[in-house]
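*Asks:* Letter 346 of the sequence shown, counting from 1, is numbered 346 in the UniProt record's numbering, and no numbers are missing.
Dropping the structure in here first, questions after.
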Amino acid sequence: MPSAIILERALRWSGALRRKTDAHTSFGTWLEAAAAQPLTRQGIAGWFHELCGTAAGPGGVVPVADLKRVLRKLRERVFYCAMVRDLNAAADLQEVVGAMTALADLAIAQAYRSVAAGLAETHGVPIDPSTGRPQEMIIVGMGKLGGKELNVSSDIDLIMLYGEEGETAGRRKISHHEFYGRVTQRMMPVLSEIDADGQVFRTDLRLRPDGDAGPPAWSLEALENYLVVQGREWERYAWLKGRVIPCRAFDGSDPSAQWAQLESLRTPFVYRKYFDFDALAALRGLRERIRQDWQRRALARTGIDTVHNIKLGDGGIREIEFVVQLNQLIRGGRMPSLQQRGLLAAMEKQVAAGVLAADVAAGLGSAYRYLRRVEHLLQYREDEQTHLLPSDERGCDALADAMGMARGDFDRALADHRAFVARTFRDAFRIAGMGEAEGDGGRHGLEAPCPSLAEHLRTHLGDGAEDIQRQVDALLDSHRIRSLPPSSRKRVEKLLPALIAMAGKTGQPATTATRLLELIEHIAQRSAYLALLAEYPETLARVARIVSASPWASEYLRRYPLLLDSLIEWHSLLEPTDFTQISAQMRRELDACALPDGSPDVEQQMNLMRDIQHQVTFQLLAQDLEGVLTVEQLADQLSALADMMLGETIRRVWPLVQPRGHAAPFPEPRFGIIAYGRLGGKELGYASDLDLVFLYDGSGDEAGETYVKLGRRMVSWLSTMTSSGRLYEIDLRLRPDGEAGLIAIPVDAFEEYQTKQAWAWEHQAITRARFVVGDPAIGKRFDAIRERILLQPRDPEAFKNEVRGMRDKISAGHPNRTPDFDLKHDRGGMVDVEFITQYLVLCHARRHPVLLGNLGNIALLRLAAEAGLIPADLAEQAADAYREFRRQQHALRLQGAEKARLPSDRLTQERAAVMALWNLVIGD
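Rendered as structure tokens:
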């Protein structure tokens with residue numbers, strides 16, 4: 001497109017540009033050429049140095065008077081270039097807002113540099129007492145500046161901070177508090193004062209603690225105290241986009257540590273791991289203010305802004321921001337990938353994480369880009385901060401033309417976008433998973449007056465009322481409850497009648513009430529959870545059903561109360577577990593767990609993996625209790641979860657154990673994990689240990705040291721108790737030489753041991769072993785070794801003696817001095833079935849290779865029968881017995897039983913079938 005035509009489109013729309021080019025024809029010539037190129041941060045910096053010319057003094061510092069002129073001329077260039085490129089669809093939204101953000105960052109940094117350098121000439125440089133080095137101011141861009149989304153005629157919101165208190169180093173010393181306060185005051189005219197050259201940015205400092213009533217600049221310590229003691233929900237919302245503007249005024253300074261310190265304050269303030277459901281009321285209130293406050297202000301001014309304001313009106317930009325940022329505030333603490341400052345990037349991450357539907361995000365993204373372009377066109381027209389659509393037909397026609405659209409198409413597109421945004425905004429809390437339906441006005445919780453507790457006890461518990469009353473009295477008199485603030489004590493007392501009512505609807509009201517009371521006492525110090533149960537009575541009902549069904553589940557909830565949040569989305573909890581999706585999202589979240597210097601935040605990563613493991617386990621538990629999963633399906637799912645966690649652990653630990661000086665990127669480790677026992681057979685339970693062997697393929701001392709270090713670090717990563725618990729207990733005793741052996745073993749050494757030194761019981765164990773994760777080549781080597789071991793010729797009678805001897809050791813190691821039947825260890829139980837299948841595999845796989853697969857005991861019994869090794873009817877009876885043993889064992893575990901034992905008159909036919917098969921195959 002010819003450059004003259006490019007300029008003509010802009011001149012037709014913008015009176016500000018017409019006046020500028022009429023007064024300065026050379027500017028129009030310059031603009032025609034400049035607008036042909038994209039606006040970049042580097043290009044804007046080049047313009048700045050060009051405009052400075054010889055004005056820069058020693059060290060490149062530009063005197064304040066010259067800097068004011070240069071920055072205003074620079075702003076003029078950026079503004080008009082953005083206008084011309086935007087109006088001709090040569091620049092997308094990201095280029096325009098990126099250019100304005102780059103201009104703001106440069107202007108702030110240069111204003112700070114000039115003002116601070118000038119003040120230091122009089123009072124000396126501020127010194128960090130901890131390091132003795134110059135201490136810089138920390139300037140935080142808030143709002144759209146923080147998100148790198150500035151519009152073309154935007155205010156900039158700043159918060160001015162500094163590290164430690166102290167004094168300047170000059171002869172006329174002043175405190176840091178005073179020095180940085182003066183810097184702030186002197187910077188404001190440089191940026192926002194209107195003179196003959198205009199202004200750079202209107203600057204607002206009111207988002208700082210205490211607003212206009214507070215000092216201009218705050219120390220990090222004072223900020224921390226403020227956020228902890230007084231920080232409010234709207235400030236969390238504001239700090240979500242807070243970003244340090246890189247600024248340096250003094251040689252020898254290094255502000256990176258203080259920037260990191262600020263981020264360590266900001267992140268937990270904005271993104272809370274345990275979402276505070278007390279905050280929901282405040283966030284709903286914020287939504288209502290977004291909806292209503294601007295209307296009152298607008299009506300007071302013109303009476304028409306309620307329709308015409310595309311930023312603050314119904315379906316406007318602010319509503320899009322709220323929907324996206326609400327999701328971030330609710331879930332960002334547990335999902336670090338959502339901790340994005342930019343709105344479009346945040347939406348993209350929310351879709352990837354499955355917390356925002358793709359169609360909703362697409363609609364919001366399209367509306368956002370459309371409305372932001374309209375907003376920019378409105379501001380280009382007269383270079384003023386406005387969000388109001390034209391109120392006259394001629395103006396509306398001109399706006400549609402500037403958008404490159406027919407008037408009717410423009411009006412329809414605008415109306416459609418705003419209607420979609422308005423609907424989504426009204427549904428914001430439901431979309432965010434907070435259960436609010438459209439139009440309910442945010443009313444939740446236990447709002448109706450509750451009948452007396454005594455009445456509830458009599459009504460719902462009957463004969464058990466007196467005992468529960470004593471437990472309630474003990475709860476209210478406990479230290480945990482008595483030490484609560486009055487608001488939380490009141491919430492506990494208000495919850496109790498509802499709790500009793502919910503318990504009364506279960507099959508065992510008194511037991512359920514006891515477990516609920518224990519849960520309330522455990523979580524009472526965290527008001528977030530009390531608020532959750534009060535805010536969402538349906539969640540309390542689900543908690544009652546779960547704790548009623550299983551004391552083990554009740555204890556799991558007490559141990560990991562963050563799982564209560566997941567009960568809000570009950571339908572999602574009962575959906576099939578998609579490990580591919582979970583793994584991909586976990587990887588994104590772990591990648592986002594980074595320290596300010598970009599290195600991984602190991603502590604956060606370890607806690608995140610534990611939280612995800614607990615959440616998936618709880619999802620499976622809910623499905624288990626609802627009868628959605630069989631015992632076999634549950635074991636498969638729990639085993640798949642462990643496999644996923646082991647694979648991700650290798651991925652996270654490997655970079656941490658590289659030899660010093662190792663060149664990045666790291667090569668993939670030649671390392672694999674072999675699972676034995678319950679994980680090896682994919683029969684994992686909720687609290688099962690993981691029996692593992694670590695293998696590697698490599699030679700030399702350095703390889704051995706590295707892989708041993710990897711194995712040791714993996715055990716630590718998996719089993720260390722952190723604030724989020726532990727992932728798994730790890731047992732490595734099945735490796736060659738047991739506890740005396742190396743943690744990680746070369747594949748060759750493993751093969752040598754298994755073929756020449758292993759005991760018979762170790763060959764029994766390998767029948768259930770499988771390669772889990774790691775180097776596929778090691779997996780193939782292990783499968784070949786395993787097959788070689790299983791195909792070794794054996795004397796059946798001699799091997800029977802070996803099996804009998806090991807069975808006797810198992811019995812001696814697990815004595816049962818009760819009359820009850822131990823499902824696992826007693827004769828006729830699960831161990832007998834497992835030993836039978838192991839014997840059949842090890843003695844007959846050489847002639848019947850179909851037995852080589854690690855297929856589980858039930859499938860192997862069937863295959864052995866099909867091979868003619870055992871009678872089909874007896875094989876089926878033993879397989880059914882084993883299945884029933886597992887089912888009963890699982891049920892007992894859920895009921896909190898330490899030992900899986902039943903009265904001896906139970907399962908007699910099943911035991912008899914197993915004993916008959918034992919006597920036939922092995923005998924005594």
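For every residue, glycine included, the Cβ atom is placed at its ideal position computed from N, Cα and C.
Pull up the distance between the alpha-carbon of L842 and that of L790, whole angstroms please.
*Replies:* Residue mapping note: residue 842 aligns to position 842 of the sequence shown, counting from 1. Residue mapping note: residue 790 aligns to position 790 of the sequence shown, counting from 1. Between L842 and L790, the C-alpha separation is close to 5 Å.
*Asks:* Would you give the residue range spanned by the alpha helix (DSSP H) that S154 belongs to?
*Replies:* Taking the sequence shown and counting its residues from 1, one reaches residue 154 at position 154. The continuous stretches of alpha helix (DSSP H) do not include S154, and DSSP gives it neither H nor E.
*Asks:* Just to confirm the assignment, what range does the alpha helix (DSSP H) spanning P819 have?
*Replies:* Here residue 819 refers to the residue found at position 819 of the sequence shown. Segment: none, P819 is in no alpha helix (DSSP H) and carries neither H nor E.
*Asks:* Among the residues of its own chain, which have a CB less than 6 Å from the CB of L71, if the five just before and after it don't count?
*Replies:* Here the question's residue 71 lines up with position 71 in the sequence shown. By the criterion of a C-beta distance shorter than 6 Å, L71 is surrounded in its chain by A107 and V200, once the five residues flanking it on both sides are discounted.
*Asks:* Using CA coordinates, which residue listed in G711, T649, D643 and D197 is at the minimum distance from G680?
*Replies:* As a first step, residue 680 must be located in the sequence shown, where it is residue number 680. It is D643.
*Asks:* Which of the three DSSP states, helix, strand or coil, is assigned to G725?
*Replies:* Here residue 725 refers to the residue found at position 725 when the sequence shown is read from its first residue. Strand.
*Asks:* Counting C-beta neighbours from all protein chains within 10 Å, is the total for S337 16 or more, i.e. buried, or is it exposed?
*Replies:* The count along the sequence shown starts at 1 and reaches residue 337 at position 337. Answer is buried; the Cβ neighbour count reaches 16.
*Asks:* So for L563, helix, strand or coil by DSSP?
*Replies:* Counting from 1 along the sequence shown, the entry for residue 563 is found at position 563. It is helical.
*Asks:* Below 8 Å on the Cβ atoms is my guess for residue 1009 versus T203; work out the distance and round it to an integer in Å.
*Replies:* In the structure as shown, the chain begins at 1 and stops at 924. Residue 1009 is therefore absent and cannot be evaluated.
*Asks:* Cα separation between E178 and A109?
*Replies:* Against the sequence shown, residue 178 aligns to sequence position 178. Against the sequence shown, residue 109 aligns to sequence position 109. Going from the Cα of E178 to the Cα of A109 covers about 20 Å.
*Asks:* Using CA coordinates, which residue listed in V543, R334 and I320 is at the minimum distance from L343?
*Replies:* As a working mapping, residue 343 is identified with position 343 in the sequence shown. The residue with the shortest Cα to Cα distance from L343 is I320.
*Asks:* Excluding the 5 residues flanking G711 on each side, which residues of the same chain have their C-beta closer than 6 Å to its C-beta?
*Replies:* Position 711 of the sequence shown, counted from the first residue, corresponds to residue 711. Only F694, I743 and A744 meet the Cβ criterion.
*Asks:* Give the secondary structure of P602 by DSSP, where H, G and I count as helix, E and B as strand, and everything else as coil.
*Replies:* Position 602 of the sequence shown holds residue 602. According to the sequence displayed, residue 602 carries Val and not Pro. If DSSP states are grouped into helix, strand and coil, V602 belongs with the helices.
*Asks:* Which residue from Y271, L283 and Y112 puts its Cα closest to that of A249?
*Replies:* As a position in the sequence shown, residue 249 is number 249, starting the count at 1. Checking every option, the nearest Cα to that of A249 belongs to Y112.
*Asks:* Take the Cβ of S391 as the centre, count every other Cβ of all protein chains shown within 10 Å, and call the residue buried at 16 or more, exposed below.
*Replies:* Taking the first residue of the sequence shown as position 1, residue 391 is located at position 391. With fewer than 16 other Cβ atoms within 10 Å, it is exposed.
*Asks:* Hey, P129 and E164: beta-carbon distance below 9 Å or not?
*Replies:* Walking along the sequence shown from the start, residue 129 turns up at place 129. Walking along the sequence shown from the start, residue 164 turns up at place 164. In this structure, E164 lies closer than 9 Å to P129 by Cβ.
*Asks:* Taking C-alpha atoms, which residue in L727, R77, M586 and L920 lies nearest to T29?
*Replies:* Position 29 of the sequence shown holds residue 29. It is R77.
*Asks:* Indicate whether L388 and I317 have their beta-carbon atoms separated by less than 9 Å.
*Replies:* Position 388 of the sequence shown holds residue 388. Position 317 of the sequence shown holds residue 317. Cβ atoms of L388 and I317: not closer than 9 Å.
*Asks:* State buried or exposed for S114, treating a residue as buried only when at least 16 other CB atoms are found within 10 Å of its CB.
*Replies:* As a first step, residue 114 is located in the sequence shown; it is residue number 114 there, counting from the start. Taking every protein chain shown into account, the CB of S114 has 16 or more other CB atoms within 10 angstroms, so this residue is buried.
*Asks:* Q585 and M335 - do their beta-carbons sit closer together than 9 Å?
*Replies:* Here residue 335 corresponds to residue number 335 of the sequence shown, with the count starting at 1. Here residue 585 corresponds to residue number 585 of the sequence shown, with the count starting at 1. Closer than 9 Å, so yes.
*Asks:* Is the segment 241–260 touching the segment 532–549 in the sense that three or more CB pairs, one from each, lie closer than 8 Å?
*Replies:* no
*Asks:* Can you tell me where the alpha helix (DSSP H) holding A116 begins and where it ends?
*Replies:* For the purposes of this step, residue 116 is taken as the residue at position 116 of the sequence shown. Looking at the DSSP string, the run of the alpha helix (DSSP H) that includes A116 is L93 to H123.
*Asks:* Could you say which of L51, I523 and N88 lies nearest to A10 if we only look at CA atoms?
*Replies:* Translated into the one-based positions of the sequence shown, residue 10 becomes position 10. Out of L51, I523 and N88, N88 has the C-alpha closest to the C-alpha of A10.
*Asks:* Answer with buried or exposed for I194, where buried requires no fewer than 16 other C-beta atoms within 10 angstroms of its C-beta.
*Replies:* Against the sequence shown, residue 194 aligns to sequence position 194. Flag for I194 reads exposed.
*Asks:* Taking the straight line between their C-alpha atoms, what separation do you get for L533 and D473?
*Replies:* Along the sequence shown, read from residue 1 onward, the residue named residue 533 stands at position 533. Along the sequence shown, read from residue 1 onward, the residue named residue 473 stands at position 473. Taking the straight line from one Cα to the other gives about 20 Å.
*Asks:* Need the endpoints of the beta strand (DSSP E) that I743 sits in, please.
*Replies:* The count along the sequence shown starts at 1 and reaches residue 743 at position 743. Here I743 belongs to no beta strand (DSSP E), and DSSP marks it neither H nor E.
*Asks:* Within the continuous alpha helix (DSSP H) that includes L220, where are the two ends?
*Replies:* Within the sequence shown, the letter at position 220 stands for residue 220. Start and end: L220 to V229.
*Asks:* Between T908 and L823, what straight-line distance do the alpha-carbon atoms span, to the nearest angstrom?
*Replies:* To locate residue 908, count along the sequence shown from 1; it is residue 908. To locate residue 823, count along the sequence shown from 1; it is residue 823. Cα-Cα distance, rounded: 11 Å.
*Asks:* Verify the contact flag: A82, CB atom, against every heavy atom of the ligand NAD, threshold strictly below 8 Å.
*Replies:* The ligand NAD is not among the ligands present in this structure, which contains no ligands whatsoever.
*Asks:* From the DSSP output, read off the bridge partner residues of L161.
*Replies:* Position 161 of the sequence shown, counted from the first residue, corresponds to residue 161. Looking at the DSSP assignment, L161 forms a beta bridge with I138 and W218.
*Asks:* By how many angstroms is the C-alpha of D748 removed from the C-alpha of A740?
*Replies:* Taking the first residue of the sequence shown as position 1, residue 740 is located at position 740. Taking the first residue of the sequence shown as position 1, residue 748 is located at position 748. Their Cα atoms are separated by approximately 18 Å.
*Asks:* With a 10 Å radius around its C-beta and 16 neighbouring C-beta atoms as the bar for buried, classify T40 as buried or exposed.
*Replies:* To locate residue 40, count along the sequence shown from 1; it is residue 40. T40 should be labelled exposed.
*Asks:* Excluding the five sequence neighbours on either side, which residues of its own chain have a C-beta within less than 6 Å of the C-beta of G761, listed in chain order?
*Replies:* Position 761 of the sequence shown, counted from the start, is the residue given in the question as residue 761. A small correction: the amino acid at residue 761 is Trp; Gly does not occupy that position in the sequence shown. So the qualifying residues of the chain are M806.
*Asks:* Do D701 and E671 come within 9 Å of each other at the CB atom, strictly closer than that value?
*Replies:* To locate residue 671, count along the sequence shown from 1; it is residue 671. To locate residue 701, count along the sequence shown from 1; it is residue 701. The sequence shown places Phe at residue 671, not Glu. Not closer than 9 Å, so no.
*Asks:* At what residues does the beta strand (DSSP E) containing I674 begin and finish?
*Replies:* Residue numbering aside, residue 674 sits at position 674 when the sequence shown is read from its first letter. F671 to Y676 is the extent of the beta strand (DSSP E) around I674.
*Asks:* Is G677 near D737, with beta carbons less than 9 Å apart?
*Replies:* Locating residue 677 in the sequence shown gives position 677, counting from the first residue. Locating residue 737 in the sequence shown gives position 737, counting from the first residue. In this structure, D737 does not lie closer than 9 Å to G677 by Cβ.
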